[in-house]
Each structure stands twice: as C-alpha cells, then as structure tokens.
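Q: Counting with my numbering, you get residues 2 to 282 for the letters of the sequence shown.
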Amino acid sequence: MCEYCVKHGEGQKWYLQAKNYSDDLLSDLQRRKFIEDFFTHPESLEDDAKQLERLDRAPGFVRRVVRWRTTSRMKKIHFGQVLPIEDVERIFDFATSIVRVACICRQAVLGSEQRYCYGVSMAPDGGRLGEIIRAIDASYLTGPDTAGLESLSKEEALAAFRQHEREGLCHTVWTFVAPFIGGICNCDRSDCMAMRSTVTHGVPVMFRAEYVAQVDRELCNGCRACMRACQFGAVSYSAAQNKALIDPRRCYGCGVCRSLCAKNAILLPDRSTVRAAANVW
Ligand code: SF4
Ligand code: SF4
Numbered sequence: 002m003c004e005y006c007v008k009h010g011e012g013q014k015w016y017l018q019a020k021n022y023s024d025d026l027l028s029d030l031q032r033r034k035f036i037e038d039f040f041t042h043p044e045s046l047e048d049d050a051k052q053l054e055r056l057d058r059a060p061g062f063v064r065r066v067v068r069w070r071t072t073s074r075m076k077k078i079h080f081g082q083v084l085p086i087e088d089v090e091r092i093f094d095f096a097t098s099i100v101r102v103a104c105i106c107r108q109a110v111l112g113s114e115q116r117y118c119y120g121v122s123m124a125p126d127g128g129r130l131g132e133i134i135r136a137i138d139a140s141y142l143t144g145p146d147t148a149g150l151e152s153l154s155k156e157e158a159l160a161a162f163r164q165h166e167r168e169g170l171c172h173t174v175w176t177f178v179a180p181f182i183g184g185i186c187n188c189d190r191s192d193c194m195a196m197r198s199t200v201t202h203g204v205p206v207m208f209r210a211e212y213v214a215q216v217d218r219e220l221c222n223g224c225r226a227c228m229r230a231c232q233f234g235a236v237s238y239s240a241a242q243n244k245a246l247i248d249p250r251r252c253y254g255c256g257v258c259r260s261l262c263a264k265n266a267i268l269l270p271d272r273s274t275v276r277a278a279a280n281v282w
C-alpha cells in the first residue's frame, strides 16, 4: 500500500474511496481556488519545466534537497498514482458522472487542446467540480472544437480509456489538495509534466501503481511489443532466451504492456506480493 492508501484510504486503495471524490470536500474555498488557478495557468507548467531542466545541472546535494521539498509539498496539494484499467473501471462503477476536459499539460507543451483528462464526481452533472470548470473562462477550454465539458456514460469513458491504453498511454489519478480526487488522466512521457518530473528528472510527483508486471515465460514468444510500449524503461529482452524480462524495481505497474501483448503473457500481481517491488513507490 502506498502512503496515500494509509493516510486517505483507511488501509484500502485511496482512489477507490468514494468519499475522496465527494462534493463536500469542494466546500473548502482554498481547494476551489487551487483548482481554478491550476486550470487557468498552463503557463506555470512551462516555468516548472524550465526549473526542472535547471535542476538537472545543479550539484547533487541541491538536487536531493529540492527533490525532497518538492515531493513533500506536492503530496499535500497535487500528487498522483499510476493505476491499471481494471481500477479505472472500479472507479467508474461508483462514479455518478464523468466529464472529459482538455489536458493542461498538453496545452502547455503542445499549445493545443487535447482531451485526455476526465473529471470524476459523485454528484450528478459533474457536481461542484463541473461548476468550477464550467466557470473557468480559459482559452484552453474554449478551443475550436470544444463544448466545454463533455459528459460521458461509464461505457463511453471506459471505451475511451481502453483506446488510450492501446495508444500506449498510462492512466493516472490525481489529488487537488489531498485527499480530494479531481480526475484521471492518460499520460505519456513526452507531454505529461508529472511523468517528466518523476521519471526524467527524478523528482517524484506520483506513486507507482499498487501492482507490478511479470512475464509468464511459458507464454512469451519474444516479440518485444511490450518493450516498445513501456514508457518507464522497465522491459528488456534476452536474445539468448528469446523472452522479455521486466525489472520489478523499474516497473510502474501501468499495465500498458499487458494490453499490447498478443500472447497474454503479462500478469499484473499486487505489488505487495513481489518482494523486489513491494517497497518501491
Ligand atoms: S509482448 Fe508478450 S509475447 Fe511479446 S515479448 Fe512481451 S511478454 Fe513476450
Ligand atoms: S513493464 Fe509494463 S506495467 Fe511495468 S511500467 Fe512498463 S508498461 Fe507499465
């Protein structure tokens, strides 16, 4: 179990707790302000990107201090976790409404509206989260083909997530002032600021999944589709054995490799059952 499960999940997965999506948490004005600022200032992500690049050139002890301070601060306000499609489906089972909005990272990095983020609410029509987002008159929500918020049925949302996964995107769930959960995104390392921060620059702003991937050596035919799909560099290939190998200490447990394996040779057991990965978050 990750730290959030202990703090915000009562020993269960924190993102499967309906109370963490509740409208009640949005009566907190500070949290509402944080969400409004977050969605209206994509340019702040560009500043963050520049700072991360500067940090790469800093001495080791500076990097360690900044890393610790950033991670500690982000755990309080905006931290995420990788999750596989079956847990996305569990969230959709109890959600009352699902809305799709533009991804702020892609807006900042690519300068265009790309709809890969989903707000999940326990209240009809997006609840207070929907109200906040609808009230934001930001250019990134009013692009040429936008309809503001798009409401999706659970089936439509799940089909979209499966398609994102086939495209190689990794599902992640996010707090907006913990423990409130504002949404689930579909990320890739080139455009997602959180993945860049965590994986490329070594400043973690998201936990790995509660799972870790393993290869069934009997079923694997060595095609290497999983290796090409993994955004975390966790898969290698043994020519001598003609098998894929997954490093449990590098695996984030996203399950993208599993969905692209034509031989169904990839399993996703609970992280706690894999000794080498059990305490790697
Ligand atoms: S995609 Fe599946 S069959 Fe192909 S190398 Fe990976 S585990 Fe083996
Ligand atoms: S090995 Fe598979 S489950 Fe692990 S991080 Fe890579 S793609 Fe995700």
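Using N, Cα and C, we set each Cβ at its ideal position, and we do this for glycine too.
(1) Out of Leu46, Phe62, Tyr5, Ser237, which has the shortest C-alpha to C-alpha gap to Ser198?
(2) On the criterion of 16 or more Cβ atoms from any shown chain inside 10 Å, does Trp175 qualify as buried, or is it exposed?
(3) Compare the C-alpha of Asp217 against each of Glu90, Ile105, Arg167, Leu269 and name the closest.
(4) Check whether the Cβ atoms of Arg250 and Ala278 lie closer than 8 Å to each other.
(5) Name, in chain order, the residues that DSSP records as bridge partners for Tyr238.
(6) With distances taken from each beta carbon to the nearest heavy atom of ligand 2, which residues come in below 6 Å, in chain order?
(7) Within 8 Å, do at least three Cβ pairs link the segment 200-209 to the segment 52-60?
(8) CA-CA distance, Ile191 and Gly169?
(9) Let me make sure I understand the geometry here. Which of Leu111, Leu153, Met194 has the alpha-carbon closest to that of Pro125?
(10) Could you work out which residue in Gly127, Tyr22, Glu11, Asp94 is closest to Gln181 when comparing CA atoms only?
(11) Are at least three pairs of beta-carbons, each pair with one atom in the segment 229-240 and one in the segment 84-98, less than 8 Å apart?
(12) Consult DSSP for Glu37 and reduce its assignment to one of helix, strand or coil.
(13) Could you give the residue range of the beta strand (DSSP E) that holds Cys188?
(14) Would the C-beta of Ile105 count as close to ligand 1, meaning under 7 Å from any of its heavy atoms?
(15) Smallest Cα separation from Cys118: which of Leu111, Gly128, Cys106, Val110?
(16) Need the endpoints of the beta strand (DSSP E) that Trp175 sits in, please.
(17) Could you pull the start and end residues of the alpha helix (DSSP H) that Arg225 belongs to?
(18) Per DSSP, Ser152 is paired with what?
(19) Going by the beta-carbon positions, is the gap between Ala210 and Leu84 smaller than 8 Å?
A: Based on what the coordinates show:
(1) Leu46
(2) buried
(3) Leu269
(4) yes
(5) Ala245
(6) Listed along the chain, these residues meet the criterion: Ala214, Ala230, Cys231, Phe233, Ala235, Val236, Ile247, Cys252, Tyr253, Gly254, Cys255, Gly256, Val257, Cys258.
(7) yes
(8) Residue identity differs from the one stated: residue 191 is Ser in this sequence, not Ile. Cα to Cα, the separation comes out at about 12 Å.
(9) Leu153
(10) Reading the sequence as shown, one finds Phe at residue 181 and not Gln. Closest option to Phe181, Cα to Cα, is Tyr22.
(11) no
(12) Glu37 falls in the helix class under three-state DSSP.
(13) That run of the beta strand (DSSP E) goes 182-188.
(14) no
(15) Cys106
(16) 171-176
(17) Element bounds for Arg225: n/a, residue is neither H nor E.
(18) Val100
(19) yes
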